[in-house]
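Numbering (mature numbering (1 follows the signal peptide of the UniProt record, and there is no 0)), first residue to last: -19 to -1, 1 to 314.
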Amino acid sequence: MRLAPATLALIAAAGPALAQEVNLYSYRQPELLAPLTDAFTEATGIEVNVAYLSSGMVERLQAEGDRSPADLVFTVDISRLSAIVNAGVTQPVESEVLEENVPEQYRDPGNEWFGLTTRARIVYASKDRVDPLEVTTYEDLADPKWKGRICTRSGTHPYNVALVAAHLYHHNEEETKEWLEGLKANLARKPQGNDRAQVKAIWAGECDLALGNTYYMGKMLEDPEQKEWADSANVLFPVFEGGGTHENISGVAMTKSAPNRENALKMMEFLSSPEAQEVYAHANYEYPIAPGTEADELVQSWGSFEADDVNLMDLADLRPDALRLIEEVDFDG
């Protein structure tokens, strides 16, 4: 990756490193991080050691305590970011560079995590059986006309819990529960599988609409075995009544122990740079958030949308209530 002179200057101006390494715990895949870690090392001489985890990040950091080698954590979904902060294993970071690169709605109010890219939680719709103008809001999904025509993964998956939390932000509990009951009544089958499985179900004629994240469309289009599924569906960007399209996020936070704090700050600022955000967003078909950045051409081809302007920590605070409502209606039952 080729860095702009301004980005290199910011990294150099951060001062000499205490140790020529930085340690990262990540829930993201190696193939997504490697271009960024390689570019950071090339620009700074600082080696990046990554521990790729599938689960248990909070528990590991708590068990390690002050002895933890981790400087940074890199993860997706506001529920995971807020869980890390609430566990007391991160520290606030003051940085003019981060504040300039990361809009306020995409960072923790206490500066304990910073967003890097976003993904929209959208509707996949059959090209053959659904007029795109029929679904313009999330509330539309509870309309009885869709009875037996919607597919989704588990209601208790973090992606869907965040969406329900967003509904709860714009509506009261009673309205959100009614919406969940209406959505459940419209399901074509019991919630199952991942987001790609829902698009496959549209292709197979099992349902006409499905909830999913935008980036899965890009992933399926690059997979010869799944391209046919993706080609059968349109990407629709519904909004909440009185709001925008729901987004979730990937983000980074500095650990409380951070043995290489100076290097960790350099890497956070690097990851937030427009150049790094665009590389990462293009690799995973997500949306960069730094001012002046653009999504991949394929992602742009799906259309534009007005993002919901709620701070994601407000949604994280609503997550327990959202999960309770999902369980009260027995959404997965």
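We put the beta carbon where it would ideally sit given N, CA and C, even for glycine.
Residue i - partner residues in DSSP beta bridges
i, result
"Thr99", "Ile230, Tyr268"
"Tyr105", "Ala191, Val216"
"Leu53", "Leu5, Met235"
"Glu28", "Glu2"
"Thr71", "Thr236"
"Phe59", "Phe is not the amino acid found at residue 59; the sequence shown has Ile there. Paired residues: none, contrary to the question."
"Tyr33", "Ser7"
"Ile131", "Leu168, Leu190"
Reduced DSSP secondary structure (H/G/I, E/B, other) of residue i
i, result
"Glu250", "helix"
"Ile65", "helix"
"Ala185", "coil"
"Arg170", "coil"
"Tyr119", "coil"
"Asn292", "coil"
"Ala297", "helix"
"Arg88", "strand"
"Gly314", "coil"
"Arg242", "helix"
"Gln43", "helix"
Distance CB(residue i)-CB(residue j) smaller than 9 angstroms
i, j, result
"Ala297", "Ser60", "yes"
"Arg102", "His227", "yes"
"Ser107", "Asp176", "no"
"Leu114", "Asp89", "no"
"Asp302", "Gly224", "no"
"Phe221", "Val104", "no"
"Asn133", "Leu79", "At residue 133 the sequence reads Thr, which differs from the Asn that was named. Not a contact, by the Cβ cut-off of 9 angstroms."
"Glu308", "Thr137", "yes"
"Ser238", "Asp47", "yes"
"Met235", "Val216", "no"
"Leu279", "Tyr261", "no"
"Tyr140", "Asn229", "yes"
"Asn194", "Arg100", "yes"
"Ser213", "Asp109", "yes"
Beta-carbon contacts of residue i that lie in its chain and below 8 angstroms, excluding the five residues immediately before and after
i, result
"Gln258", "Asn82, Leu97, Thr98, Leu252, Pro269, Ile270, Ala271, Thr274"
"Ala64", "Val39"
"Asp277", "Gly199, Ala262, His263, Tyr266"
Integer Cβ distance of residue i from residue j, believed to fall under 8 angstroms
i, j, result
"Ala123", "Gly163", "3 angstroms"
"Asp311", "Lys171", "Rounded, the Cβ-Cβ distance is 11 angstroms, inconsistent with contact."
"Leu34", "Ser7", "7 angstroms"
"Val180", "Ala211", "6 angstroms"
"Lys247", "Thr25", "6 angstroms"
"Trp184", "Glu209", "6 angstroms"
"Trp94", "Val70", "Going by Cβ atoms, the distance from Trp94 to Val70 rounds to 11 angstroms, so no, they are not a contact pair."
"Trp160", "His148", "6 angstroms"
Own chain partners of residue i with C-beta closer than 6 angstroms, once the 5 adjacent residues on each side are dropped
i, result
"residue 317", "Lying outside -19 to 314, the shown extent of the chain, residue 317 is not represented and no answer is given."
"Phe286", "Phe218, Thr226"
"Ala146", "Leu296, Leu299, Arg300, Ala303"
"Glu120", "Glu222"
Any non-hydrogen atom of the ligand GTP closer than 8 angstroms to residue i Cβ
i, result
"Gly284", "You won't find the ligand GTP in this model; it holds no ligand whatsoever."
Contacts around residue i, its chain only, beta-carbon distance under 7 angstroms, and the 5 residues preceding and following it disregarded
i, result
"Glu28", "Gln1, Glu2, Thr22"
"Arg130", "Asn167, Ala169, Cys188, Asp189, Leu190"
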